[in-house]
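Since the structure comes first, as structure tokens, the remarks are kept for the end.
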Amino acid sequence: MNIVVGVTGGIAAYKSVQLVRLLVKAGHDVTVVPTDDALRFVGLPTWEALSHNPVTTSVHDDVARVRHVALGQGADLVVVAPATANTIAKMAAGIADNLLGTTLLATEAPVLIAPAMHAEMWRHPATTANIGTLRDRGVHIVGPAVGELAGGDSGPGRMVEPEEIAEAALALLTPRDLDGVRIAVSAGGTREPLDPVRYLGNRSSGRQGVALAAEAAARGAVVTLVAANISADVLAEARHPSIAVVPVGTAAELADAMADAAVDAQAVVMAAAVADYRPAVVSDRKLTKEGGGVPAIELVETPDIVAGLVSRRRDGQVIVGFAAETPQSEEELVERARRKQQRKGVDLLVVNEVGWERGFESAGNAVHILGDGGEVVATAEGTKREVATAVLDAIVEALAPLRRR
Ligand code: PMT
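In our numbering, the protein residues as written are 1183 to 1587.
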């Protein structure tokens, strides 16, 4: 999506460097529109290098493409951070004496501002009135925070951290089409113990399942994330008031946790990589070489968790399975997925090709999504969050007729 980031002349401009990085990292096309005063704090090359887009402050540049209004017309979101008392006043009055001003007047996109100023300026009746005017017009306001200010004094007026602004910005771009919908998601890889120190496992990092949980929560869902052996840094993406994390280790624990979570869920997503087999015997003591010879490990099959969830499916529930395949062609990939879908009985099947360097652990993914007749209803390729968006779009579509009943 196209995001315009307006930067005005306050010391907090240095924090917007991180804001631009976060928005670009989230996959958005970001154009920075600084005011002349903002460039006294952070230079133009920094904004161009980080946004990968040309930057100007003038309404007289790029006139052929009517840049002074085109930026606002083409924006999906405009963020002003920091927003000084001066720019807030101009916004309230509709003054357009620079490129940011014309952009703000020309846009019909949501606008988010992050005020930053001294406490006295924030408390001034003029600023209070201007903020009230902007709120009434539907402008979204994040902050300011209370804390130490540039002059060493403290009080309300500090710009909130770039992570918080990015979160508020991304929330404004996200549809709330899963408001109140309960979703159970499994993620990560199970570990089946051989003895107190060893296990049979797989390389799933949990990234894909965590991205699904985070995207679902951003769209308004209430999520239970059953997390099998996921590291803290990957799980950090799932920090959201609407996500409850249930940590599990083995396939049996994951089966129990998903059975509980599915009871009142409208959608169930099995993105976890579950062991198909586990050691028949788990030694209480560490297996050693002392007995001599190479040990033979007898395996027994684990229950098919998703097939069990399908057999207990409640009315109106959509169940999504994943398939991790190592095919030799795209036809084989889709054919194998079709057979897996029929075997498991899921409503949607998301198939990804996996290998030494794809699917598992990587930051990106590429999937085909099969509908309940085995037809490919969507494909997606990109970050795991982008793939999650496509999977949730398919879930929203599958839920629509069931929610109307
Ligand atoms: O975690 P990442 O590093 O981000 O990697 C993501 C991923 C590649 C693990 C993920 O996108 C994925 O493909 N998850 C499913 C992996 C898997 O176990 O696929 P499968 O083809 O073996 O199983 C098919 C389906 O049956 C899956 O929904 C699986 O959860 C389920 N299953 C499998 C075995 C079992 N005993 N019970 C199950 O329910």
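The beta-carbon is built from N, C-alpha and C at its ideal position, and this holds for glycine as well.
**OP:** For G1337, write down the residues that DSSP places opposite it in a beta bridge.
**Re:** Indexing the sequence shown from 1 puts residue 1337 at position 155. Its beta-bridge partners are G1329.
Subject >> Cα-Cα separation, S1387 to A1562 >> reply: Numbered from its first residue, the sequence shown carries residue 1387 at position 205. Numbered from its first residue, the sequence shown carries residue 1562 at position 380. Each residue's alpha carbon lies about 20 Å from the other.
**OP:** Give the DSSP-derived three-state secondary structure of G1370 in the structure shown.
**Re:** Translated into positions along the sequence shown, residue 1370 becomes position 188. Residue state, collapsed to three classes: strand.
Original post:
With a cut-off of 8 Å, do at least 3 Cβ pairs link the region 1308 to 1325 to the region 1362 to 1382?
Top reply: Taking a cut-off of 8 Å for Cβ pairs, the region 1308 to 1325 and the region 1362 to 1382 do not touch, as fewer than three such pairs fall below it.
Subject >> Integer Cβ distance of V1392 from A1420, believed to fall under 8 Å >> reply: Position 210 of the sequence shown, counted from the start, is the residue given in the question as residue 1392. Position 238 of the sequence shown, counted from the start, is the residue given in the question as residue 1420. V1392 to A1420, Cβ: 5 Å. Contact.
**OP:** Helix, strand or coil for I1185, going by three-state DSSP, please let me know.
**Re:** Here residue 1185 corresponds to residue number 3 of the sequence shown, with the count starting at 1. In the structure shown, I1185 sits in a strand (DSSP, three-state: E or B).
Original post:
In terms of alpha-carbon separation, which member of I1501, K1272, A1434 and V1558 lies closest to R1520?
Top reply: Here residue 1520 refers to the residue found at position 338 of the sequence shown. Checking every option, the nearest Cα to that of R1520 belongs to V1558.
Original post:
Is the beta carbon of T1269 sitting closer than 8 Å to the one on T1190?
Top reply: Position 87 of the sequence shown holds residue 1269. Position 8 of the sequence shown holds residue 1190. For the pair T1269 and T1190, the CB atoms are nearer than the 8 Å cut-off.
**OP:** State the DSSP-derived secondary structure class of D1211, mapped to helix, strand or coil.
**Re:** In the sequence shown, the residue the question calls residue 1211 occupies position 29. DSSP places D1211 within a strand segment (E or B) once states are collapsed to three.
Original post:
Which term fits P1264, buried or exposed, when burial requires 16 or more other beta carbons within 10 angstroms of its beta carbon?
Top reply: Indexing the sequence shown from 1 puts residue 1264 at position 82. Within 10 angstroms of the beta-carbon of P1264 lie 16 or more other beta-carbons, which makes it buried.
Subject >> Exposed unless 16 or more other CB atoms sit within 10 angstroms - verdict on E1397 >> reply: For the purposes of this step, residue 1397 is taken as residue 215 along the sequence shown, with counting starting at 1. Burial call: buried.
**OP:** Could you check the C-alpha separation between D1211 and D1258 for me, to the nearest Å?
**Re:** To locate residue 1211, count along the sequence shown from 1; it is residue 29. To locate residue 1258, count along the sequence shown from 1; it is residue 76. Going from the Cα of D1211 to the Cα of D1258 covers about 10 Å.
Original post:
Can we count V1367 as close to ligand 1, meaning its CB is less than 7 Å from some heavy atom?
Top reply: Against the sequence shown, residue 1367 aligns to sequence position 185. Checking the Cβ of V1367 against ligand 1 gives no.
Original post:
Can the beta-carbon of A1548 be found closer than 8 Å to that of A1506?
Top reply: In the sequence shown, counting from the first residue as 1, residue 1548 sits at position 366. In the sequence shown, counting from the first residue as 1, residue 1506 sits at position 324. No. Outside cutoff.
Subject >> Residue interval of the alpha helix (DSSP H) (run including N1235) >> reply: Here residue 1235 is taken as the residue at index 53 of the sequence shown, counted from 1. Element bounds for N1235: n/a, residue is neither H nor E.
**OP:** Any chance you could list the beta strand (DSSP E) runs of at least 3 consecutive residues sitting entirely within the region 1361 to 1449, in chain order?
**Re:** Runs found: 1364 to 1370, 1404 to 1410 and 1425 to 1430.
**OP:** Kindly give me the distance between the Cβ atoms of G1254 and T1285, rounded to whole angstroms, as I take these residues to be in contact under 8 Å.
**Re:** The sequence position of residue 1254 within the sequence shown is 72, counting from 1. The sequence position of residue 1285 within the sequence shown is 103, counting from 1. Their Cβ separation, rounded to whole angstroms, is 4 Å, which keeps G1254 and T1285 in contact under 8 Å.
Subject >> Residues near L1481 in its chain [Cβ-Cβ closer than 7 Å; skip 5 each side] >> reply: Reading the sequence shown from its first residue, position 299 is the one you call residue 1481. Here the set comprises Y1459, R1460, P1461 and A1462.
Original post:
In three-state terms, what does DSSP make of G1256?
Top reply: The residue labelled residue 1256 in the question sits at position 74 within the sequence shown. In this structure, G1256 counts as helix in the three-state DSSP scheme.
Original post:
In terms of DSSP beta bridges, what is R1319 paired with?
Top reply: As a working note, residue 1319 is residue 137 in the sequence shown. None; R1319 has no bridge partner.
Original post:
Per DSSP, what kind of secondary structure is G1546 in: helix, strand or coil?
Top reply: Here residue 1546 refers to the residue found at position 364 when the sequence shown is read from its first residue. In the structure shown, G1546 sits in a strand (DSSP, three-state: E or B).
Original post:
Measuring CA to CA, which of V1199, G1192, P1227 and H1422 is closest to A1220?
Top reply: Sequence index remark: in the sequence shown, residue 1220 carries index 38 (1-based). Of all alpha-carbon atoms in V1199, G1192, P1227 and H1422, the one lying nearest the alpha-carbon of A1220 is that of G1192.
**OP:** Measuring alpha carbon to alpha carbon, tell me which of A1288, A1278 and A1267 ends up nearest P1297.
**Re:** If you number the sequence shown from 1, residue 1297 lands on position 115. For the residues A1288, A1278 and A1267, the minimum Cα distance to P1297 belongs to A1267.
Original post:
Does the pairing of the region 1394 to 1408 with the region 1417 to 1437 give three or more beta-carbon distances under 8 Å?
Top reply: The region 1394 to 1408 makes contact with the region 1417 to 1437; the number of CB pairs closer than 8 Å reaches 3 or more.
Original post:
How close, in whole Å, do the beta carbons of D1361 and G1314 come, if the pair is a contact with beta carbons under 8 Å?
Top reply: Along the sequence shown, one-based indexing puts residue 1361 at 179. Along the sequence shown, one-based indexing puts residue 1314 at 132. Not a contact, Cβ separation roughly 28 Å.
Original post:
So, are the CB atoms of L1205 and V1187 less than 8 Å apart?
Top reply: One-based indexing of the sequence shown puts residue 1205 at position 23. One-based indexing of the sequence shown puts residue 1187 at position 5. Yes, Cβ-Cβ distance for L1205 and V1187 is below 8 Å.
Original post:
Taking the DSSP output, what are the residues bridged to G1553?
Top reply: As a first step, residue 1553 must be located in the sequence shown, where it is residue number 371. Under the DSSP definition of a beta bridge, G1553 lacks any partner.
Original post:
Within 10 angstroms of its Cβ, does P1216 collect 16 or more other Cβ (buried), or is it exposed?
Top reply: Indexing the sequence shown from 1 puts residue 1216 at position 34. Burial call: buried.
**OP:** Could you check which residue in A1400, A1576 and A1301 has the C-alpha nearest to that of G1333?
**Re:** Start at 1 with the first residue of the sequence shown, and residue 1333 comes out as number 151. The residue with the shortest Cα to Cα distance from G1333 is A1301.
Subject >> Any non-hydrogen atom of ligand 1 within 7 Å of E1543 CB >> reply: Residue 1543 sits at position 361 when you count from the first residue of the sequence shown. Checking the Cβ of E1543 against ligand 1 gives yes.
Original post:
Is S1386 near ligand 1, going by C-beta to nearest heavy atom under 7 Å?
Top reply: Walking along the sequence shown from the start, residue 1386 turns up at place 204. For S1386, the distance from the CB to the nearest heavy atom of ligand 1 is below 7 Å.
Original post:
Looking at D1529 and V1573, is the spacing between their C-beta atoms short of 8 Å?
Top reply: Within the sequence shown, residue 1573 is the residue found at index 391, counting from 1. Within the sequence shown, residue 1529 is the residue found at index 347, counting from 1. Their beta carbons are not under 8 Å apart, which means V1573 does not touch D1529 by this criterion.
Original post:
Is there contact between the region 1526 to 1540 and the region 1486 to 1504, where contact requires at least three CB pairs shorter than 8 Å?
Top reply: Three or more beta-carbon pairs separated by less than 8 Å link the region 1526 to 1540 to the region 1486 to 1504, which places the two stretches in contact.
Subject >> Sheet register partners of Y1196 (DSSP bridge) >> reply: As a position in the sequence shown, residue 1196 is number 14, starting the count at 1. Its beta-bridge partners do not exist; DSSP assigns none.
Original post:
If we call anything under 8 Å between Cβ atoms a contact, is E1568 one with G1339?
Top reply: The residue labelled residue 1568 in the question sits at position 386 within the sequence shown. The residue labelled residue 1339 in the question sits at position 157 within the sequence shown. A distance of 8 Å or more separates the beta carbons of E1568 and G1339.
Original post:
Under 8 Å between the Cβ atoms of L1281 and H1250?
Top reply: Within the sequence shown, numbered from 1, the residue matching residue 1281 stands at position 99. Within the sequence shown, numbered from 1, the residue matching residue 1250 stands at position 68. Yes, these two residues count as a Cβ contact at 8 Å.
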